[in-house]
Structure formats: C-alpha cells, structure tokens
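Enquirer: Dumping the structure here so I can ask a few things about it.
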Amino acid sequence: MSAIGNGTNIFWHECPVGKSERQKLLDQKGCVVWITGLSGSGKSTLACSLSRELHAKGKLSYVLDGDNLRHGLNKDLGFKFEDRTENIRRVGEVAKLFADAGLICIASLISPYRKDRDACRAMLPDLSFIEASTVYMNMPLELCEERDAKGLYKLARAKKIKGFTGIDDPYEPPLNCEIELSLQDGVCPPPGTMSGRVVTYLEEKGFLEDK
Amino acid sequence: MSVSFQLEDRRMGSPFMDSAGLQLYAKRVYIHSCRKPNLQVTKRSLKLNMATVGNSTNIFWHDCPVGRHERQKLLDQKGCVVWITGLSGSGKSTLACSLSRELHAKGKLSYVLDGDNLRHGLNKDLGFKVEDRTENIRRVGEVAKLFADAGLICIASLISPYRKDRDACRAMLPASSFIEVYMNMPLELCEERDAKGLYKLARAGKIKGFTGIDDPYEPPLNCEIELSQQDGVCPPPGTMAGRVVTYLEEKGFLEYK
Numbered sequence: 001m002s003a004i005g006n007g008t009n010i011f012w013h014e015c016p017v018g019k020s021e022r023q024k025l026l027d028q029k030g031c032v033v034w035i036t037g038l039s040g041s042g043k044s045t046l047a048c049s050l051s052r053e054l055h056a057k058g059k060l061s062y063v064l065d066g067d068n069l070r071h072g073l074n075k076d077l078g079f080k081f082e083d084r085t086e087n088i089r090r091v092g093e094v095a096k097l098f099a100d101a102g103l104i105c106i107a108s109l110i111s112p113y114r115k116d117r118d119a120c121r122a123m124l125p126d127l128s129f130i131e132a133s134t135v136y137m138n139m140p141l142e143l144c145e146e147r148d149a150k151g152l153y154k155l156a157r158a159k160k161i162k163g164f165t166g167i168d169d170p171y172e173p174p175l176n177c178e179i180e181l182s183l184q185d186g187v188c189p190p191p192g193t194m195s196g197r198v199v200t201y202l203e204e205k206g207f208l209e210d211k
Numbered sequence: 001m002s003v004s005f006q007l008e009d010r011r012m013g014s015p016f017m018d019s020a021g022l023q024l025y026a027k028r029v030y031i032h033s034c035r036k037p038n039l040q041v042t043k044r045s046l047k048l049n050m051a052t053v054g055n056s057t058n059i060f061w062h063d064c065p066v067g068r069h070e071r072q073k074l075l076d077q078k079g080c081v082v083w084i085t086g087l088s089g090s091g092k093s094t095l096a097c098s099l100s101r102e103l104h105a106k107g108k109l110s111y112v113l114d115g116d117n118l119r120h121g122l123n124k125d126l127g128f129k130v131e132d133r134t135e136n137i138r139r140v141g142e143v144a145k146l147f148a149d150a151g152l153i154c155i156a157s158l159i160s161p162y163r164k165d166r167d168a169c170r171a172m173l174p175a176s177s178f179i180e181v182y183m184n185m186p187l188e189l190c191e192e193r194d195a196k197g198l199y200k201l202a203r204a205g206k207i208k209g210f211t212g213i214d215d216p217y218e219p220p221l222n223c224e225i226e227l228s229q230q231d232g233v234c235p236p237p238g239t240m241a242g243r244v245v246t247y248l249e250e251k252g253f254l255e256y257k
C-alpha cells in the first residue's frame, strides 16, 4: 500500500497477461513515437502516413493527436503554460499505457517545452521512447506560416491569438532526438518518404516483431 | 458508416476575441460513426465549431485513413469497454485479470485499466473527494474510449461509486459498446475479505470518505451484467469471467464481421 500523489491507500494490481504476452499476440513491441514541431510543420500528416504504413505491414498503431485529445481527455485544459505542461503529462501517461498494451503509439503534439518532453521520456523504459522532431530548424517557421493550414498564423499575427507557438510563445527544439526530419534541398519530402524513415528506424530497432 | 459532404470554407471571428467564436466549414470531411461532440449536421452543411471544445480553442479534428474499422479487421474483434464497478474488495481487479486471461487464450487483445494502477500515473494528481472521484472517472472513461477506438477490449476496473459519473462514461461511447458489469457482493463479504486492510482503517476512523462505510455506493439501475453470490457463495473468478466472455461473444465483439 502506498501514498501516491494525492491518492492514499493505493495498491498495485498485477495481471497474468502482461506486456510480453500482448506483444507475442501482436508480433510487435509496444513503443511511443513522439512527433514534435511547430503548428503546420506536418505532424498530423506524418502521424497518419506512419499509421497507414504500419497497418499495411500488419502492425497495430494508434495516433494520439494533440488536437483530438483536446476534444476529450484534455478538454478541460487551455494553452497557458501550466495547462500545456498538464496536457503533455497526460498524453505521456496515456501513450505509456498504449505502449504497455503492445501498440506502437504515435503521439503528435506541438509539445514546445523541452522539460515536458523530457518528462515523458523519463516515464518510459529505455529505448521504448522515440522522439521524432519534424521541425528543428528544418521545417522553418516561414514554411509553416506559408502553409497556415488552419489559418492560425494569420490570427496570431493579427494578435487575435495570444501565446501562439512560434509567434509569441517559444518552441524549444530537441537536443537529442532519435529522428530529425527536415527540408531536402529546400523542399519538404513527401509524407510517405518521411514516414518511411520512421518505419525503417522501428524495423532496425526491432519494434516490428516480437523476439 | 462514413459520409462525405461538400462544404464551404468560412471562418469568422476568433475565440480569443469577445465575439462568439470561430466556425469552420470543411471541404470533404469524412464523418465516422463514432461521436464528435462538437459536430452538428444540418441540411447540406457541416459545422465544425472549433471554439466550444471545453477550454481549448482553435482546435481542429484530424482524421486518419486507418480508423477503427481497419484496426478491428486487423485484430478480428470489435473494440468496446467492459466497465467493472463495485465496492472495494468485491473482486473487480480479480475479475478483470481473469477476463483478460480468458480473452488472451482466445487470441483477443484486451487491456485492463485498473483504478488503483491509474492513480499511480495519469491520475496521481487526484484524491478521493467528490470532485476528484468525478474527474478520475471522467479521465478513465476518456482513455477507455481511446482504447476501444484502437480496437481493444478495454476492461476498466474501478469502484466508480456514483451513478452519474458511470452514466457519463457510457454516454462517451457508441451505443452497446459500453458494457457495465456490477460486482454485487455484500458489504459484509467485502469487509470480511478486507484484502487491503482498508475497511479496518475506515472503521477505526483512520480513513474518511471510504466507499461503503462513510461514502455512498450507488448501484447501477440498468447494467448489462450483474455478478452476485450463488446460494450465499461467491462464484470462482473463472466462472464470472466466463459469463462476461459469453456475453461478448453473443454480442459479436470477439470477431470482426
């Protein structure tokens, strides 16, 4: 029995069917692929492309999209600093559950603060947390703004949105990410090419089979 | 079921201003059968009201080509939530584990969301006062919904003492995908077991607001499965798990068709 956080008298219940059994059933290893970058850098597009490629290989994945989660689990959170931190924390905890369930969990969120991403990394055992940076100097702000897929940069520049990442709130690029995706000769690679790189990485690291 | 609409793109105002909010008419949006609470379908148009999603503004919905149906086909099962409710010590966690083992033996993928375990992680910031219990249940419901959407049979095992909170979780899911299992074991039995020594502490006044002692448990009024003593004896976990598996089989959750 333990006092965990604000919950006292909490126990831990083990089950006979654990991560190894589920991984054997699925013939893959559970992990988290964390896609971070500016708004409009292509995170959701990459996440979908990646899930499609994995599905084509018979692998089970699930996308946790930052926007989608703000419709449900995180609908009580806004965009102020502490809410962003709590948003990331909750997504990290849920991603950990999905990885434990044996899925390849693809988390797609701006997640602008390094401290918060590092805290998620610390939740997972070594090597199961893969951070894929899609922006890091290479999907420049200008490109994201030019796309302005949701019209948000325009609103931010007109000061109709405050605290918008990249405009008046910082984005802290990763210092040590596993995969960095960037422009090639000034051109953004197609989503399929970028997801192909992630799939190759997962294959090489042995996540696409249970051995 | 998926439907596509030809729609008009129009935006007005901004949720950060004093005005009412932003509305987006999206071109060629595919709507899946799972619910999106911020969608309203009118005659020939689709409104995606970005501004009214809780405290999050300027939020969009991102659809993916790989959806629930594709995952269910891959797993050869249908995602759902089995919500096990009952007093502390009624056998919820035991049933959850027994159920997951039986499902695994049939080659079906399930995942247990145990109330205690979740209070080690996602819900570690919550205590046991009323509003915290409500938030605890809400979060577990939302996560269970995600697992069901992922195609898994998600087994949630929590006291979840308040009817209103359980009903709110039921409302999050498509009809018939929420299977409420009531562990109807008498307080005396649970207290006699006192597997975690909590009833003793509660009786001694060392724990306040303990369900069944000085906090209410509201039994379900319309649960899908009720498990109770047979001739004054609690059935073995395997027997009770078997009843749930039979239910899932009969309702078609253990295959993709």
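Chains as they are written, first to last, in full-length UniProt numbering: chain A, 1 to 211; chain B, 1 to 257.
All C-beta atoms in this analysis are idealised placements derived from N, C-alpha and C, irrespective of residue type, glycine included.
1) I want to verify the contact list: residues of chain B whose CB lies under 9 angstroms from the CB of Trp12 of chain A, in sequence order.
2) What's the gap between the Cα of Leu143 of chain A and the Cα of Ala47 of chain A?
3) Pick out whichever of B:Lys257, B:Gly252, B:Gly238 and B:Lys251 has its Cα sitting closest to the Cα of Ala105 of chain B.
4) Report yes if the CB atom of Leu103 of chain A is closer than 7 angstroms to the CB atom of Leu69 of chain A, and no otherwise.
5) In chain order, what residues of the same chain lie with their CB nearer than 6 angstroms to the CB of Asn184 of chain B, ignoring the 5 residues before and after it?
6) Quick one: which chain B residues come within Cβ less than 9 angstroms of Gly78 of chain A?
7) How is Val199 of chain A classed by DSSP in three states: helix, strand or coil?
8) What in chain B is Cβ-close to Ser44 of chain A, meaning under 8 angstroms?
9) Measure from the alpha carbon of Asn87 of chain A to the alpha carbon of each residue in A:Trp12, A:Ala101, A:Phe98 and A:Ala107, then state which is nearest.
10) Are there 16 or more other CB atoms within 10 angstroms of the CB of Phe79 of chain A, so buried, or fewer, so exposed?
11) Assign Ala202 of chain B to one of three DSSP states: helix, strand, or coil.
12) At a cut-off of 6 angstroms, is Lys75 of chain A close to the ligand FMN when judged by its beta-carbon and the heavy atoms of the ligand?
13) Would you say the segment 70–85 of chain B touches the segment 148–155 of chain B, given that touching needs at least three Cβ pairs under 8 angstroms?
14) Looking at C-alpha atoms only, which residue of A:Asp118, A:Gly186 and A:Asp210 is the closest neighbour of Trp34 of chain A?
15) Inspect the CB distances between the segment 212–221 of chain B and the segment 98–112 of chain B and report whether three or more fall short of 8 angstroms.
16) Throw me the rounded Cβ distance for the Cys223 of chain B and Glu180 of chain B pair, which I believe falls under 8 angstroms.
17) So what's Glu204 of chain A in DSSP terms, helix, strand or just coil?
18) Please report how far the alpha carbon of Pro15 of chain B lies from the alpha carbon of Phe11 of chain A, in whole angstroms.
19) Can you find a C-beta in chain A that's less than 7 angstroms from the C-beta of Cys169 of chain B?
20) With a threshold of 7 angstroms between beta-carbons, can Arg166 of chain B be considered close to chain A, or not?
21) Taking just the CA atoms, how far does Ser41 of chain A sit from Val135 of chain A?
22) Should the segment 20–40 of chain A be called in touch with the segment 200–211 of chain A, which here means at least 3 C-beta pairs below 8 angstroms?
23) Between the Cα of Tyr171 of chain A and those of A:Gly58, A:Ala95 and A:Pro140, spot the shortest distance and give me the residue it belongs to.
24) What's the C-alpha gap between Asp116 of chain B and Asp165 of chain B?
25) Distance cutoff 7 angstroms, beta carbons only. Does residue 218 of chain A sit that close to anything in chain B?
26) Suppose only complete runs of 4+ residues qualify. What are the alpha helix (DSSP H) ranges in the segment 64–144 of chain A, listed by chain order?
27) Just to check my reading of the structure: Asp67 of chain A and Phe60 of chain B have Cβ atoms closer than 8 angstroms, yes? What is that Cβ distance to the nearest angstrom?
28) Using a Cβ-Cβ cutoff of less than 6 angstroms, which residues in the same chain neighbour Glu191 of chain B once the five nearest sequence positions on both sides are dropped?
29) How far does the alpha helix (DSSP H) with Asn117 of chain B in it reach, from first residue to last?
30) Any beta carbon from chain B within less than 7 angstroms of Lys150 of chain A's own beta carbon?
31) Can you say whether Gly30 of chain A is buried or exposed, counting buried as having 16 or more other CB atoms within 10 angstroms of its CB?
32) Helix, strand or coil for Thr57 of chain B, going by three-state DSSP, please let me know.
33) Give a yes or no on whether the C-beta atoms belonging to Thr45 of chain A and Pro112 of chain A are separated by under 7 angstroms.
34) Identify the contact partners of Gly107 of chain B in chain A, using a Cβ-Cβ distance below 8 angstroms as the criterion.
35) Would you kindly check if the distance between the Cβ of Lys75 of chain A and the Cβ of Gly54 of chain B is under 7 angstroms?
36) In the DSSP assignment, the alpha helix (DSSP H) including Ser49 of chain A goes from what residue to what residue?
Expert: Let me lay it out:
1) Asp114, Asp116, Asn117 and His120
2) 19 angstroms
3) B:Gly238
4) no
5) Glu226 and Ser228
6) Gly54, Asn55, Ser56 and Thr57
7) helix
8) His62
9) A:Ala107
10) buried
11) helix
12) With respect to small molecules bound, the structure shown includes none, and the ligand FMN cannot be examined in it.
13) yes
14) A:Asp118
15) no
16) 4 angstroms
17) helix
18) Any reading at Pro15 of chain B must be qualified, since the residue scores a pLDDT of 30, below 50, and its modelled position is unreliable; the value itself is stated next. If I take the Cα positions, the gap works out to 43 angstroms.
19) no
20) no
21) Its pLDDT being 31, under 50, Val135 of chain A is placed unreliably in this model, and the coordinates cannot settle the point.
22) yes
23) A:Pro140
24) 17 angstroms
25) Nothing can be reported for residue 218 of chain A, as the shown portion of chain A is limited to 1 through 211.
26) 66–69, 81–100 and 114–123
27) 5 angstroms
28) Tyr199
29) Gly115 to Leu118
30) yes
31) buried
32) coil
33) no
34) Leu25
35) yes
36) Lys43 to Ala56
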